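If you're matching positions, the sequence shown starts at 3 in the working numbering and goes up one per residue. Just so you know, even glycine gets a beta-carbon here, dropped at the ideal spot from N, CA and C. Values in this document were obtained by computation on a predicted structure and should not be read as measured data. Worksheet: one structure, shown below.
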Amino acid sequence: MQNITRREFTRKSALMGAGLAASNFVAFGGTRSARNAELSVFIPMPIQIVIDDVGWWSGDDGHESQQPYRTGISRNHVPADYQAIVDLGKKLGVRPQAATILCEWDRENILREVPTITWMREKWDNSKWVGPWLDEAADIIRNNQNHYELTMHGVGHEYWQDENMTRAEWADSSGQMRPQDQVELHLDYFQKLLNQNQLGPFPTSFVPTAFLHGFGMTGEYKISMAEVIKKRGIEYINTPFSNMYNARGAQFGLFGIDSGVITVDRGEDLLDWNDFGKRPSGALTGPTCGLHWPNLLHKDPSRNSEIVDAWVKFLKPYNDKPETLLAKNSSSFRNQLVHHVCTKVQIREDKIDIDFLETNKLNAQLSNNQLTLKIESERKLTFHLDDVKLSKSKPGQEKDNYLYTLVIECIKDLEKAVLKFEVS
Ligand SMILES: [Zn+2]
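Given below as structure tokens:
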């Protein structure tokens, strides 16, 4: 498998953003789309929403006073800001990832025990942020598990050496992992804060703070960051490859596998990290729709829904395009992303060949046996599969075209499937 360069990636993404046929771009060693005079078939790229810097109560950007970069908004955060994430998920039928910072959830000042973890070091005092809002927000998170995924971002976001704030918590500014004993300690305290607040088990996904991260081994370490957090249950890392140390090591272009952990290129966000109360515009250029929390919120929290609705309006069409779909949750996202990159389709007369040879090499990344295909045709079609089960065939009609969404239940280790179609 060869890498594509960043420029190629951007070019391909730009084609897609412009709504051009996905058959214009070639996948790694195969095709993720095919067309003939009758129809076009696509293995759509899944899209997942990832929201960074959730968890702060103070909105203050403290980086000029040795404090962390927070969300940089002109008000404190409130439980309604958590509800905004849930509402976005519910309205789109998805489960956004909330990449969470937990230091301001410390009810017992346990972070005094780890001087590198906050700006106050041994004198850490969080009493200001202990109040009923903790339980209110925790209730929102707990009661909406289908539309809210708590993703690990960090404890204090940065790393304090003596009195100095340095970027960032998990890796230094070159992407080299922080001392492993410190990383383990920070992970222990992330877990303790989850427990204090009954926020559920350790997350399975991770967004590195300040996007400082190394793919594979960094510095003198005999272990990669991915492997360290895999031991805690992390299965999935999301970070922009443009900023990742050893991005060339990522084997599959849109993602790489690091010690068995899938690492997905976040690409570029649509808005700046501190854009607050602004509506999204432009086009997504990759599988991650990356936001920072202020991007979803309004200056008046009772009006958060206005910004949420703007995102719903912006994102919904990606479910209706043949080239893309909105993934229901991270596990179906990872599954479809592997298919999008590795599974090949080819049209042969009245048949579509689906080839899983490359996909099967990444079996460990496939969380379920489903593959979603989209088929666009000018004529009404019926489908038939011999060796696999077709669980859904939903026709949608747009102008002169029919767009079918097919969910195929693949049998594990199956090398090939043949989908027959007929004009009805
Ligand atoms: Zn952050």
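- [ ] Put Phe-217 into one of helix, strand or coil per three-state DSSP.
- [x] coil
Task: Environment of Arg-350 [buried if 16+ CB atoms lie within 10 Å] - done: exposed
Open item on the list: Tell me whether the stretch 125 to 138 and the stretch 232 to 244 touch, counting them as touching only if at least three CB pairs, one residue from each stretch, are closer than 8 Å.
Closed with: no
Task: From Asp-311, Pro-319, Leu-375 and Lys-353, residue whose alpha carbon lies closest to that of His-342 - done: Leu-375
Task: Pro-282 versus Gln-348: straight-line alpha-carbon distance, rounded - done: 36 Å
TODO: With DSSP collapsed to three states, give me the class of Leu-416.
DONE: coil
Task: Distance, Phe-204 Cα to Val-340 Cα - done: 24 Å
Task: Reduced DSSP secondary structure (H/G/I, E/B, other) of Pro-181 - done: coil
Open item on the list: Measuring only the C-alpha atoms, how far is Met-167 from Arg-234?
Closed with: 26 Å
Open item on the list: Given a cut-off of 8 Å on the beta-carbon distance, is the pair Asn-403 and Ser-379 in contact?
Closed with: yes
TODO: Just mark Gly-262 as buried or exposed, buried being the case when its beta carbon has 16 or more other beta carbons within 10 Å.
DONE: exposed
Task: Nearest neighbour of Ala-82, chosen from His-188, Gly-57 and Asn-371 [CA to CA] - done: Gly-57
Open item on the list: Quick check: what's the CA-CA separation for Arg-259 versus Ala-312?
Closed with: Strictly speaking, residue 259 in this sequence is Ile, with Arg absent from that position. The alpha-carbon atoms of Ile-259 and Ala-312 are separated by roughly 34 Å.
Task: Span separating the alpha-carbon of Asn-245 from that of Lys-318 - done: 29 Å
Open item on the list: Can you give me the C-alpha to C-alpha distance between Leu-359 and Leu-387, rounded to a whole angstrom?
Closed with: 18 Å
- [ ] Rank Met-47, Ile-231, Arg-268 and Lys-232 by C-alpha distance to the C-alpha of Ala-249 and give the top, closest one.
- [x] Arg-268
Task: Nearest residue (CA-CA) to Ala-2, options Pro-48, Val-43, Arg-34 and Leu-41 - done: Here the chain covers residues 3 to 426 and nothing more, so residue 2 does not appear.
- [ ] Assign Ile-236 to buried or exposed, taking buried as 16 or more other Cβ atoms, counted over all protein chains shown, within 10 Å of its Cβ.
- [x] buried
- [ ] Assign Lys-346 to one of three DSSP states: helix, strand, or coil.
- [x] strand
Task: Pairwise C-alpha distance: Glu-124 and Glu-165 - done: 11 Å
Open item on the list: I'd like to check one pair, Leu-152 with Ile-142: are the Cβ atoms closer than 8 Å?
Closed with: no
Task: C-alpha gap between Asp-108 and Phe-44, whole angstroms - done: 47 Å
- [ ] Indicate, with yes or no, if ligand 1 has a heavy atom lying under 7 Å from the CB of Asp-54.
- [x] yes
TODO: Name the residue from Asn-148, Asn-306 and Asn-128 whose alpha carbon lies nearest to the alpha carbon of Gly-158.
DONE: Asn-128
- [ ] Check whether the Cβ of His-215 lies closer than 7 Å to any heavy atom of ligand 1, and answer yes or no.
- [x] no
- [ ] Using three-state DSSP, classify Glu-424 as helix, strand or coil.
- [x] strand
Open item on the list: Assuming the contact rule is C-beta atoms closer than 8 Å, Thr-220 and Tyr-191 should be a hit. Round their C-beta distance to whole Å, please.
Closed with: Thr-220 to Tyr-191, Cβ: 22 Å. No contact.
Open item on the list: Are the CB atoms of Gln-184 and Thr-118 within a distance shorter than 8 Å?
Closed with: yes
Task: Arg-144: first and last residue of the uninterrupted alpha helix (DSSP H) it sits in - done: 134 to 144
Task: Exposure label - Gly-288; buried when at least 16 CB within 10 Å - done: buried
Open item on the list: For the structure I just gave you, are there three or more beta carbon pairs, one from the stretch 300 to 309 and one from the stretch 84 to 98, closer than 8 Å?
Closed with: yes
- [ ] Take the Cβ of Asp-302 as the centre, count every other Cβ of all protein chains shown within 10 Å, and call the residue buried at 16 or more, exposed below.
- [x] exposed
Task: Residues near Ser-175 in its chain [Cβ-Cβ closer than 7 Å; skip 5 each side] - done: Arg-169 and Leu-214
Open item on the list: Quick check: Leu-293 and Asp-271, are their CB atoms within less than 8 Å of each other?
Closed with: yes
Open item on the list: Judging by CA-CA distance, which residue of Leu-299, Lys-353, Gly-61 and Val-230 is the nearest neighbour of Glu-106?
Closed with: Gly-61
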